[in-house]
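The working numbering numbers the first residue of the sequence shown as 121 and each following residue consecutively. We put the beta carbon where it would ideally sit given N, CA and C, even for glycine. For reference, the structure discussed in these notes is given below.
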Amino acid sequence: MLHELAVPAATTELARRCGLTPGTVFHHLTALRDAGLVGTHRAGRFLLYARTSSAEALIAGAGPPDEGGGAE
121 MLHELAVPAA
131 TTELARRCGL
141 TPGTVFHHLT
151 ALRDAGLVGT
161 HRAGRFLLYA
171 RTSSAEALIA
181 GAGPPDEGGG
191 AE
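Right, here's the structure in full:
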């Protein structure tokens, strides 16, 4: 889900992108926010989620998502 937040998005948009229910996405976003990996800001009537600098650093160290990010 962090990779999908390369562009800030609302819960419903992330649900559409990921093929999940908005409730499931909200649950995961809450955990990511509590871990300091996503933040929020309001844009009109929408609450947008965006990656924090900590998430950016984590993703930068993980490599592309299709490589699995594991050791070789």
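Any 3 or more C-beta pairs closer than 8 Å across the region 167-175 and the region 126-142: Result yes; three or more Cβ-Cβ pairs closer than 8 Å.
Closest residue to R137 among A155, M121, R162 and A175 (Cα-Cα distance): Ranked by Cα distance from R137, the first of A155, M121, R162 and A175 is M121.
Alpha carbon of T160 to alpha carbon of A182, nearest angstrom: C-alpha separation (whole angstroms): 23 Å.
Delimiting residues of the beta strand (DSSP E) encompassing H162: Here residue 162 is Arg; the residue named in the question, His, does not match the sequence. Segment V158 to A163, the beta strand (DSSP E) holding R162.
Where L149 falls: helix, strand or coil (DSSP): Residue state, collapsed to three classes: helix.
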